[in-house]
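S.K.:
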Amino acid sequence: MPSRVAPVSNDARLLLIDGHSMAFRAFFALPVENFTTGTGQSTNAIHGFLSMLLRLLENEAPTHIAVAFDEGATTFRTEEYAEYKAGREETPQPFKGQVPLIREMLKALGIREISRENFEADDILATLATHGAADGMEVLVASGDRDTFQLVTDDVTVLYPVQGVTVLNRMTPAAVQDKYGVPPHRYPELAALTGESADNLPGVPGVGPGFASKWINQFDGLDNVIARADEIGGKKGEALRAHIPDVLRNRRLNHLLTDMDLGVEPRDLTITGGDREAIRALCDTLEFNTLRDRLLAVVPVDGEAAAQAQGVEREVAADAGAWLAGATSRIALD
47 MPSRVAPVSN DARLLLIDGH SMAFRAFFAL PVENFTTGTG QSTNAIHGFL SMLLRLLENE
107 APTHIAVAFD EGATTFRTEE YAEYKAGREE TPQPFKGQVP LIREMLKALG IREISRENFE
167 ADDILATLAT HGAADGMEVL VASGDRDTFQ LVTDDVTVLY PVQGVTVLNR MTPAAVQDKY
227 GVPPHRYPEL AALTGESADN LPGVPGVGPG FASKWINQFD GLDNVIARAD EIGGKKGEAL
287 RAHIPDVLRN RRLNHLLTDM DLGVEPRDLT ITGGDREAIR ALCDTLEFNT LRDRLLAVVP
347 VDGEAAAQAQ GVEREVAADA GAWLAGATSR IALD
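Printed below as a string of structure tokens:
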């Protein structure tokens with residue numbers, strides 16, 4: 047990526063969104079049978095994702111934004127470990143075809159969406175978050191992937207969904223420490239020991255977050271846990287010594303890249319003018335009515351900063367049912 051230049055203004059706030067992760071959660075948050083157009087196009091993931099995006103724009107008021115997407119099923123991680131993320135259930139048919147429409151809407155909104163073959167969205171988020179913080183920006187990362195916890199610093203907060211995409215926990219350094227017993231930069235070490243079922247990465251049998259954090263703190267990091275594994279007694283110590291190769295593999299695979307050459311810098315991700323006619327056309331096709339008005343309310347006009355859509359009536363359609371009834375505009379932390 048280009049070399050660092052002068053920091054951006056102190057009030058710059060960069061919002062980064064994991065596109066596939068949040069779209070998938072939105073899909074399961076809304077009943078697909080209630081979100082289908084007259085032509086048979088499922089729209090629950092699109093509706094949920096855009097509703098989440100609007101809440102983030104309204105509540106967080108970012109000055110810069112990007113959405114990262116996975117590109118293909120093969121990455122440098124699957125090249126090292128063929129079983130990485132294997133065994134997942136097949137993508138539901140109604141979900142297929144919704145991600146391209148989300149990306150089309152982002153383009154219409156003037157929001158940059160980024161993907162790279164052979165890399166995951168997390169690596170793109172990690173690179174942009176690291177560079178944004180280095181440029182003096184406050185960074186927010188909306189993702190349902192716990193691997194992003196390693197990015198958390200005083201300048202980088204992960205917004206982690208705990209209820210569909212309506213309630214997002216603010217994972218700060220203190221929040222990560224309180225929940226897992228280790229600081230954010232040690233979280234991938236803990237995950238290397240415990241494994242990550244979502245990524246099909248088996249850890250040390252019988253070792254959960256409690257023991258993993260205890261070892262990491264006692265020996266001052268994973269490298270020392272492995273180097274001094276003979277000092278750990280009992281069945282868990284025995285299991286650790288037998289699975290050190292798995293732990294080392296997990297640690298390599300859960301490390302997020304922070305130095306990708308994306309050809310774009312965080313300072314380039316300002317919220318610019320969108321295509322209002324394209325937004326209207328897409329919303330008409332998707333049969334979004336009030337949501338269309340909310341989207342148009344946040345589209346900048348003639349290069350102005352994104353408008354706050356607080357005066358626009360929120361969509362409370364009968365089809366949304368209990369999901370929208372339980373949705374709030376706050377970002378919660380339990």
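Under the working numbering, the first residue of the sequence shown carries the number 47, and numbering increases by one thereafter. In this text, a Cβ means the ideal position worked out from N, Cα and C, and glycines have one as well.
For Val204, which of helix, strand or coil comes out of DSSP?
M.R.: Residue mapping note: residue 204 aligns to position 158 of the sequence shown, counting from 1. Of the three classes helix, strand and coil, the one that applies to Val204 here is strand, per DSSP.
S.K.: So who's on the other strand from Glu323, going by DSSP bridges?
M.R.: Residue 323 sits at position 277 when you count from the first residue of the sequence shown. Answer is none; Glu323 lacks a bridge partner.
S.K.: Can you name the residues that DSSP bridges to Gly241?
M.R.: On the sequence shown, residue 241 is found 195 positions in, with the first residue counted as 1. DSSP output for Gly241 lists Pro248 as bridge partner(s).
S.K.: Look up Val187 in the DSSP assignment and say whether it is helix, strand or coil.
M.R.: Locating residue 187 in the sequence shown gives position 141, where the first residue counts as 1. DSSP places Val187 in strand when its eight states are reduced to three.
S.K.: Can you grab the Cα-Cα spacing for the pair Gly256 / Tyr226, in whole Å?
M.R.: Stepping through the sequence shown from its first residue, residue 256 is reached at position 210. Stepping through the sequence shown from its first residue, residue 226 is reached at position 180. Cα-Cα distance, rounded: 8 Å.
S.K.: Can you tell me the Cβ-Cβ gap for Asp64 and Asp168, rounded? I've got them flagged as a contact below 8 Å.
M.R.: Translated into the one-based positions of the sequence shown, residue 64 becomes position 18. Translated into the one-based positions of the sequence shown, residue 168 becomes position 122. About 7 Å separates the two Cβ atoms, so the contact holds.
S.K.: For the putative contact between Ala175 and Val185, defined by C-beta atoms under 8 Å, what is the C-beta separation to the nearest angstrom?
M.R.: Walking along the sequence shown from the start, residue 175 turns up at place 129. Walking along the sequence shown from the start, residue 185 turns up at place 139. Going by Cβ atoms, the distance from Ala175 to Val185 rounds to 5 Å, so yes, they are a contact pair.
S.K.: By how many angstroms is the C-alpha of Glu129 removed from the C-alpha of Asn246?
M.R.: The residue labelled residue 246 in the question sits at position 200 within the sequence shown. The residue labelled residue 129 in the question sits at position 83 within the sequence shown. Looking at the two C-alpha atoms, the distance is approximately 7 Å.
S.K.: Please state the DSSP three-state secondary structure of Thr176.
M.R.: Mapped onto the sequence shown, residue 176 falls at position 130. Looking at Thr176 - three-state DSSP - the assignment turns out to be helix.
S.K.: At what residues does the alpha helix (DSSP H) containing His110 begin and finish?
M.R.: Along the sequence shown, one-based indexing puts residue 110 at 64. Looking at the DSSP string, His110 is not in any alpha helix (DSSP H); the run it does join, the beta strand (DSSP E), is His110 to Ala114.
S.K.: Can the beta-carbon of Val187 be found closer than 8 Å to that of Val204?
M.R.: As a first step, residue 187 must be located in the sequence shown, where it is residue number 141. As a first step, residue 204 must be located in the sequence shown, where it is residue number 158. Yes.
S.K.: Which runs of the alpha helix (DSSP H) fall wholly inside the stretch 71 to 126 and span at least 4 residues, in chain order?
M.R.: Fully enclosed alpha helix (DSSP H) runs of 4 or longer: 90 to 106 and 122 to 126.
S.K.: Leaving aside the five residues before and after Cys329 along the sequence, list all residues of the same chain whose C-beta is less than 6 Å from its C-beta, in chain order.
M.R.: The sequence position of residue 329 within the sequence shown is 283, counting from 1. These residues qualify, in order along the chain: Arg338.
S.K.: Spell out the partners DSSP gives Met151 in its beta bridges.
M.R.: Residue numbering aside, residue 151 sits at position 105 when the sequence shown is read from its first letter. BP columns for Met151 are empty, so no partner.
S.K.: Measuring straight from C-alpha to C-alpha, what distance separates Phe165 and Arg101?
M.R.: The count along the sequence shown starts at 1 and reaches residue 165 at position 119. The count along the sequence shown starts at 1 and reaches residue 101 at position 55. So the alpha carbons of these two residues sit roughly 28 Å apart.
S.K.: Give the range of the alpha helix (DSSP H) segment to which Ile272 is assigned.
M.R.: The residue you call residue 272 lines up with position 226 of the sequence shown. It spans Leu268 to Ala273 - the alpha helix (DSSP H) in which Ile272 sits, taken as one unbroken run.
S.K.: Can you list, in chain order, the residues of its chain with a C-beta nearer than 6 Å to that of Arg59? Leave out the 5 residues immediately preceding and following it.
M.R.: As a working note, residue 59 is residue 13 in the sequence shown. Here the set comprises Pro108, Thr109 and Glu184.
S.K.: Could you tell me how far apart the beta carbons of Leu76 and Asn90 are, in whole angstroms, since I believe they sit closer than 8 Å?
M.R.: Along the sequence shown, one-based indexing puts residue 76 at 30. Along the sequence shown, one-based indexing puts residue 90 at 44. About 4 Å separates the beta carbons of Leu76 and Asn90, which is inside the 8 Å limit, making them a contact pair.
S.K.: Taking the alpha-carbon of Glu117 as reference, which of Gly280, Glu323, His301 and Glu163 has the nearest alpha-carbon?
M.R.: For the purposes of this step, residue 117 is taken as residue 71 along the sequence shown, with counting starting at 1. When each option's Cα is compared against that of Glu117, the closest is Glu163.
S.K.: Name the DSSP beta bridge partners of Leu60, please?
M.R.: On the sequence shown, position 14 is the one that residue 60 refers to. Leu60 pairs with His110 and Val185.
S.K.: Which residues in the same chain have their Cβ closer than 8 Å to the Cβ of Gly190, if we skip the five residues on either side of it in sequence?
M.R.: By 1-based counting over the sequence shown, the position of residue 190 is 144. Closer than 8 Å at the Cβ level, and outside the excluded window around Gly190, lie Asp64, Ser67, Met68, Phe70, Arg71, Tyr206 and Pro207.
S.K.: With 16 as the cutoff for other CB atoms within 10 Å, does Pro291 come out buried or exposed?
M.R.: Your numbering for residue 291 matches position 245 in the sequence shown. Under this definition Pro291 is an exposed residue.
S.K.: For a quick check, are the C-beta atoms of Ile262 and Arg232 less than 8 Å apart?
M.R.: In the sequence shown, the residue the question calls residue 262 occupies position 216. In the sequence shown, the residue the question calls residue 232 occupies position 186. Cβ atoms of Ile262 and Arg232: closer than 8 Å.
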